[in-house]
Amino acid sequence: NLFVLASTNDKKMVDIAASRPGRFDLILDIEEINSSNYHSLIIRETDDEQIIGFFTPELLSSFAMKKVTGAYIVSFIKQLKSVKKNKGSINAKDFEDYLNLTYNGFYKSNAENLKAVGFKRRMKWKIYYKQFKQK
């Protein structure tokens, strides 16, 4: 017997011949994550009550509006746990800073990310350096 398991996150990308009726015995459609799943995902990824507490209902609603993926949430929680382990604690500012940093890195297109590290970025560093030197 031969058993083949296939998965995709975009059925439109499956080859036409492979997607004809009868090619797969069973096709499961798994819906996108939604706000009611976020909390259980967060609890699955960490038992740290402080980190869990930062994920307010308002933030989870914002995640839902922005269609934040489960993969992002898992990655973000890993970052938070790492920060807490290294610093010994984590506060609301740390949480917000890492949310902004990781969200922008995860969801910006490559073109946007390239602009962020290009010439304009270096100009900001030069200005900062001048201000620092004057002190």
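The sequence shown begins at 4 in the working numbering and counts up by one. Backbone N, C-alpha and C fix where the C-beta goes; we use that ideal spot for every residue, glycine too. From a predicted model like this one, the values you see are computed outputs, not experimental measurements.
Length at least 4, wholly inside the segment 26–112: the alpha helix (DSSP H) runs in chain order | Qualifying alpha helix (DSSP H) stretches, in chain order: 38–48, 52–57, 60–68, 73–90, 95–110.
By the 10 Å Cβ neighbour count, where 16 or more other Cβ atoms means buried, how is Phe6 classified, buried or exposed?
-> The Cβ neighbour count for Phe6, taken over all protein chains shown within 10 Å, is under 16; the residue is labelled exposed.
Ala20 - DSSP class collapsed to helix/strand/coil = Here Ala20 sits in coil by DSSP.
Give me the Cβ distance between Ile76 and Tyr41, rounded to the nearest whole Å; I'm assuming they're in contact under 8 Å.
-> Confirmed, about 7 Å.
Given that a residue counts as buried once 16 or more other Cβ atoms are within 10 Å of its Cβ, and exposed if not, what is Leu63?
-> Buried, because 16 or more other Cβ atoms sit within 10 Å of the Cβ of Leu63.
Going straight from the alpha carbon of Ile80 to that of Glu48, what length do you get?
-> Approximately 7 Å, taken between the alpha carbons.
In angstroms with no decimal places, state the Cα-to-Cα distance between Thr11 and Ile19.
-> Going from the Cα of Thr11 to the Cα of Ile19 covers about 14 Å.
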